[in-house]
Amino acid sequence: MNDDMSDESKSCSLPSSTEPTATRSTVPMWIFVVTLLLLFLGFAFFDKKGGWFDVRVYAPYNSSEELEAAQPKSAAAVAMAAGKKNYETYCGSCHGNDGAGKIAQAPPLSGSEWVMTKGAERLAHIPLAGLGGPIKVEGKDWNMNMAAMGAGLSDTDLAAVLTYIRGSWGNKMGEVSPDDIKKVRAEVGKAPQPYTGEKLMTMPE
Amino acid sequence: MKSGFSIFLAILLTLGGSWIGFVVAPTMQLGTAKLTTALVTGDTWPQQRTGEATLGQQIYRANGCVACHTMQLRQDGVSFEVVLTSAGKINPTAVSNLISTLTLTGLNKEAADIAADKISAVGGKTETHLTATGADISNYHAVRRSVAADYLYDAPVQLGSLRAGPDLANIGARQPVAAVHLQHLYAPSSVTAKSAMPSYKFLFEVRKQINGVASPDALNLPAEFATAAGYEVVPKPEAKQLVAYLLSLRADAPLYEAPFTPATTKP
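Chains as they are written, first to last, in the working numbering: chain A, 1 to 205; chain B, 1001 to 1267.
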């Protein structure tokens, strides 16, 4: 046995006391490139499919936006969503996206007696024909001019806008149908003159 | 050992990293999960189990049902359907002409939105219905996938990993009749021919009928599985608890995480 051992130590070229050590050598550049590329692809995939760790996002949905968009909505909710979009495009710049109005620009719509009417006939005249001259909104006097901001919208779109302003910011009045808009649009004619508050008050609600 | 500290650090990082990823992060995400509400009905979800069903969960656990049954439904996709609810007053004929030219079922979200927009442009009113799709959904007559909320009252959660038998996540809705479950536990092949499930006879008691009259609880077995005349098979409390638990397993309410349009709201 001892013979074997001595044979072995003889044939080994390294002195038995030295432990092998790693030496310094440069890491090839391509490893960095490939690693970065893989990282990038991994993150791109995660961003597209991972849902960013949102607890509510499960397959087959890839993001919280996609899940939100898939939520089943009732017909009323769809009209409200369309109304909100058009309101913010055509009316919100003056009346505010929160419906609170803007000082020296436009009176509030939330809580306004012009909006919270039983029916929608009088209200529909305002965006279809325009409104000018002195009016009272929630006890405050306004004397400005609003052009026929809603005349360019289709019956469905304007109905949705009015449904939206009648059902948002604490307002709780009924839906407006495209047929109501159609009727008032025919009444105000092709080249409408802005109505005054007084004239509107003579109309049925 | 020269690099002892580096080795220690490497092990710490490896184990610590997976502990954070697999234990800490999920606990932070779901550890405080609360009751949610179902879409459409607004009912709370999940429904609290009865005491009997809660005991049944331990019977399920004790008998190792989880070895052969999973409790997790997967879903591959969603399919949208546009349904006309009213043709409107403006131009009903245009709406019905348009409807006949459009594909309204089996759509994806974009196609469904486009179809709905086209119909509403001519005055029709539509609703978009959502259906879950996938192999699990069709194989197990499910309506949606399983989500974390479904397991809120489970201790422990018995997801399972092998499907020697069917998935049970929605069994309470799929087979709501307790008597069928009892008979199946006693003699699986009397309900499903060639069933691979073992019989759980020890959850039942075979006893002599009293005055030759079967008790109300007695199983109504087909002739080839029946006991000798004058005897009857009645479930022990464990069997009843287990069945109460099975009936409490449902994944059939639409949730925000897994929306679908319930059949009852479809006109």
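Glycine included, each C-beta is placed from N, C-alpha and C at the ideal position.
Query raised in the report: Taking 8 Å as the CB-CB limit, is Tyr-1186 (chain B) close to chain A?
Result: no
Query raised in the report: Are the beta-carbon atoms of Ile-1099 (chain B) and Ile-1119 (chain B) separated by less than 8 Å?
Result: yes
**Report entry** Where the beta strand (DSSP E) through Lys-1125 (chain B) begins and ends
**Finding:** For Lys-1125 (chain B), the enclosing beta strand (DSSP E) stretches over residues 1125 to 1133.
Requested in this report: Scan the stretch 1177 to 1230 of chain B and note each continuous alpha helix (DSSP H) run of 4 residues or more that stays entirely inside, going in chain order.
Outcome: 1178 to 1186, 1188 to 1191
Query raised in the report: Going by the beta-carbon positions, is the gap between Gly-111 (chain A) and Val-161 (chain A) smaller than 8 Å?
Result: no
Report task. Mind checking which residues open and close the beta strand (DSSP E) that includes Leu-131 (chain A)? Result -> First-last of the beta strand (DSSP E) with Leu-131 (chain A): 131 to 137.
Query raised in the report: Does DSSP put Leu-1107 (chain B) in a helix, a strand or coil?
Result: Of the three classes helix, strand and coil, the one that applies to Leu-1107 (chain B) here is strand, per DSSP.
Report task. Classify Lys-1240 (chain B) as buried or exposed, calling it buried when 16 or more other Cβ atoms lie within 10 Å of its own Cβ. Result -> buried
Requested in this report: With distances taken Cα to Cα, identify the nearest neighbour of Val-1066 (chain B) among B:Gln-1048, B:Pro-1216, B:Ala-1164.
Outcome: B:Ala-1164
Query raised in the report: To the nearest angstrom, how far is it from the Cα of Tyr-195 (chain A) to the Cα of Ala-1263 (chain B)?
Result: 49 Å
Report task. Determine the direct distance from the alpha carbon of Ala-147 (chain A) to that of Lys-136 (chain A), and round the result to whole angstroms. Result -> Rounded to the nearest angstrom, the two C-alpha atoms are 18 Å apart.
Query - Among B:Leu-1015, B:Pro-1046, B:Leu-1073, B:Arg-1144, the one whose alpha carbon lies nearest that of Leu-1162 (chain B) - result: B:Leu-1073
**Report entry** Below-8 Å beta-carbon distance, Thr-1032 (chain B) vs any chain E residue
**Finding:** Any reference to chain E falls outside this structure, whose protein chains are A and B.
Query raised in the report: For a contact meaning CB atoms closer than 8 Å, what does Val-184 (chain A) contact in chain B?
Result: The contacting residues do not exist; Val-184 (chain A) stays about 15 Å from chain B at best.
Report task. Spell out whether any CB of chain B is found under 8 Å from the CB atom of Tyr-58 (chain A). Result -> yes
Requested in this report: Run down chain B in chain order and give the residues with a C-beta less than 8 Å from the C-beta of Gln-71 (chain A).
Outcome: Leu-1039, Tyr-1256, Pro-1259
Report task. Measure from the C-beta of Val-27 (chain A) to each C-beta in chain B and report whether the shortest distance is under 8 Å. Result -> no
Query raised in the report: Rounded C-beta distance between Ile-126 (chain A) and Trp-142 (chain A)? I'm assuming under 8 Å.
Result: Contact between Ile-126 (chain A) and Trp-142 (chain A) fails: their C-beta atoms lie close to 12 Å from each other, not under 8 Å.
Query raised in the report: Where does Val-223 (chain A) sit, in a helix, a strand or coil, going by DSSP?
Result: Not covered by the structure: residue 223 (chain A). The range shown for chain A is 1 to 205.
Query raised in the report: Applying the criterion that 16 or more other CB atoms from any shown protein chain within 10 Å of the CB defines a buried residue, is Lys-182 (chain A) buried or exposed?
Result: buried
Query raised in the report: In chain order, what residues of the same chain lie with their CB nearer than 6 Å to the CB of Gln-1057 (chain B), ignoring the 5 residues before and after it?
Result: Here the set comprises Tyr-1245.
Query raised in the report: What is the DSSP secondary structure of Asp-1150 (chain B), counted as helix, strand or coil?
Result: helix
Query - Three-way DSSP call (helix, strand, coil) for Leu-1039 (chain B) in this model - result: Coil, per DSSP.
Query raised in the report: So is Ile-1090 (chain B) in contact with chain A if we call contact Cβ pairs under 8 Å?
Result: Flagged as an interface residue toward chain A: Ile-1090 (chain B), by a C-beta distance shorter than 8 Å.
Report task. Measure the alpha-carbon distance for Gly-1004 (chain B) versus Leu-1012 (chain B) and round it to whole angstroms. Result -> 12 Å
Report task. Measure how close the beta-carbons of Pro-1259 (chain B) and Leu-1130 (chain B) come, nearest whole angstrom, since I'm counting them as under 8 Å. Result -> 6 Å
Query raised in the report: When the Cα of Asp-1113 (chain B) is compared with those of B:Arg-1250, B:Glu-1081, B:Gln-1047, B:Pro-1026, which residue comes out closest?
Result: B:Glu-1081
**Report entry** chain B contacts made by the stretch 145 to 158 of chain A, where a contact means CB separation under 7 Å
**Finding:** Thr-156
Query raised in the report: Do Ile-31 (chain A) and Tyr-87 (chain A) have their CB atoms nearer than 8 Å?
Result: Remark: C-beta atoms of Ile-31 (chain A) and Tyr-87 (chain A) do not approach each other more closely than 8 Å.
Query - Any chain A beta carbon closer than 8 Å to Leu-1073 (chain B) - result: Proximity of Leu-1073 (chain B) to chain A, defined by a Cβ-Cβ separation below 8 Å, is not satisfied.
Query raised in the report: Is Asp-179 (chain A) close to chain B, meaning its C-beta is less than 8 Å from at least one C-beta of that chain?
Result: Interface flag for Asp-179 (chain A) against chain B is set, since a Cβ pair is found closer than 8 Å.
Report task. Anything in chain A within Cβ reach of Arg-1145 (chain B), meaning under 8 Å, just list it in chain order. Result -> In chain order, Tyr-58, Ala-59 make up the part of chain A whose C-beta sits under 8 Å from the C-beta of Arg-1145 (chain B).
Requested in this report: Might you give, ordered along the chain, the residues of its own chain that have their beta carbon closer than 7 Å to the beta carbon of Lys-1109 (chain B), omitting 5 neighbours on each side?
Outcome: Phe-1080
**Report entry** Short CB-CB distance (under 8 Å) between Val-33 (chain A) and chain B
**Finding:** no
Query - Between the CA atoms of Ser-1189 (chain B) and Thr-1166 (chain B) - distance to the nearest angstrom - result: The amino acid occupying residue 1166 (chain B) in the given sequence is Pro; Thr does not appear at that position. Taking the straight line joining both Cα atoms gives about 15 Å.
Requested in this report: If I'm right that Ala-1087 (chain B) touches Val-1095 (chain B) with Cβ under 8 Å, what's the distance once you round it to whole angstroms?
Outcome: 4 Å
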